[in-house]
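Participant: Numbering (this note's numbering), first residue to last: 1 to 222. Provided herewith is a single structure, encoded as structure tokens, for subsequent inquiry.
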Ligand code: CA
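As structure tokens, this is what we get:
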């Protein structure tokens, strides 16, 4: 169980995120403006902060800036509009650990929250921003994928699917698990979208990178 601070002024999004995090067994606290967000984040009472950028009082960039300049190293996941990629890159440079473009599926945010909590634990493994498996490098900060020197052009969905596979190398993941993690619960379970995207990744990573386990799902060959 982690203590998670959500700094988000849109009540609908804040409650959707808080509800999901509580269902995953965490304590979630919501504040709706930047100044209160900064005070809470600086209190030392939280293990992770989910921080919106567009906030009343003080925007998310300033909150992040002040948080880091006052010596806090609490992990921060920034929520950002999809059209603000340049701003987001600057947020990462200014001390955010990850970002989540809006709109997002809760499962996508939860995957990032879990990853950051694992990495942020004092006794946990060293912080790892690059996933490596089967010759593929996935940089979770810059969202770049490479094989050797070659950069792969992955869509956001392909990247998310690759991330789930590479967080679980060698494990068989069912279509339902992949659909749930990458596309969200409300996606039609009869859809063949997982198979289609596994096909896309095979084209980019090599046909043998992802094995089909008949009747069970897929396994990333590490
Ligand atoms: Ca906002």
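We put the CB at the ideal spot given by N, CA and C, even for glycine. None of the values given here were measured: they were computed from a predicted structure.
1. Across the segment 12 to 22 and the segment 91 to 99, are there enough close Cβ pairs to call them in contact, namely three or more that are closer than 8 Å?
2. Less than 7 Å between the CB of residue 201 and some heavy atom of ligand 1, yes or no?
3. Considering only heavy atoms of ligand 1 and the C-beta of each residue, which residues fall inside 6 Å, strictly closer?
4. Using C-beta distances below 6 Å, list every residue in its chain close to residue 131, excluding the 5 sequence neighbours before and after it, in chain order.
5. What is the residue span of the beta strand (DSSP E) that residue 62 lies within?
6. Between which two residues does the beta strand (DSSP E) holding residue 6 run?
7. If contact is defined by three or more beta carbon pairs under 8 Å, each pair taking one atom from either stretch, is the segment 57 to 67 in contact with the segment 136 to 151?
8. Nearest CA to the CA of residue 191: which residue from 176, 155 and 212?
9. Considering only residues of the same chain and omitting the five flanking positions on each side of residue 46, which have a CB-CB separation below 8 Å?
10. Please return the same chain residues whose Cβ sits closer than 6 Å to the Cβ of residue 141, not counting the five positions on each side in sequence.
11. Per DSSP, what kind of secondary structure is residue 216 in: helix, strand or coil?
12. Using C-beta distances below 6 Å, list every residue in its chain close to residue 31, excluding the 5 sequence neighbours before and after it, in chain order.
13. Between the alpha carbons of residue 124 and residue 118, how many angstroms are there, rounded?
14. Quick check on DSSP: helix, strand or coil for residue 196?
15. With distances taken Cα to Cα, identify the nearest neighbour of residue 52 among 108, 71 and 102.
16. DSSP has residue 102 in a bridge; who is on the other side?
17. For residue 64 versus residue 96, is the C-beta distance shorter than 8 Å?
18. Grouping DSSP H, G and I as helix and E and B as strand, with all else coil, what is residue 52?
19. My output table needs one value for residue 11: the three-state DSSP class, helix, strand or coil.
20. Is residue 196 buried or exposed, if buried means 16 or more other CB atoms sit within 10 Å of its CB?
21. Assuming residue 67 and residue 42 form a contact by the criterion Cβ under 8 Å, report the distance between their Cβ atoms to the nearest whole angstrom.
Facilitator: In short, the structure shows the following:
1. Under the 8 Å Cβ criterion, the segment 12 to 22 does not count as touching the segment 91 to 99, having fewer than three qualifying pairs.
2. Placement of the Cβ of residue 201 at a distance of 7 Å or more from every heavy atom of ligand 1 is found.
3. That gives 9, 10, 52, 54 and 55.
4. Only 138 and 166 meet the Cβ criterion.
5. Unbroken run through residue 62 is the alpha helix (DSSP H), 60 to 69; no beta strand (DSSP E).
6. Run containing residue 6: 3 to 7, per the beta strand (DSSP E) assignment.
7. No, they do not touch.
8. Selected option, being the one with the closest Cα: 176.
9. In chain order, 3, 4, 5, 29, 40 and 74 place their CB closer than 8 Å to the CB of residue 46, counting only its own chain and leaving out the 5 sequence neighbours on each side.
10. If we look at residue 141 and ignore the five residues flanking it on each side, its Cβ neighbours are 92 and 129.
11. In the three-state reduction of the DSSP assignment, residue 216 falls in the coil class, being assigned neither a helical nor a strand state.
12. These residues qualify, in order along the chain: 7, 37 and 40.
13. Confidence in residue 124 is poor, its pLDDT being 39 and thus under 50, which makes the residue's placement too unreliable to answer from.
14. Helix, per DSSP.
15. The candidate whose alpha carbon is nearest that of residue 52 is 102.
16. Beta-bridge pairing links residue 102 to 81.
17. Yes, the pair counts as a contact, with Cβ atoms nearer than the cut-off.
18. Strand.
19. Residue state, collapsed to three classes: helix.
20. Residue 196 is exposed by the Cβ-count criterion.
21. Correct: roughly 7 Å between the Cβ atoms.
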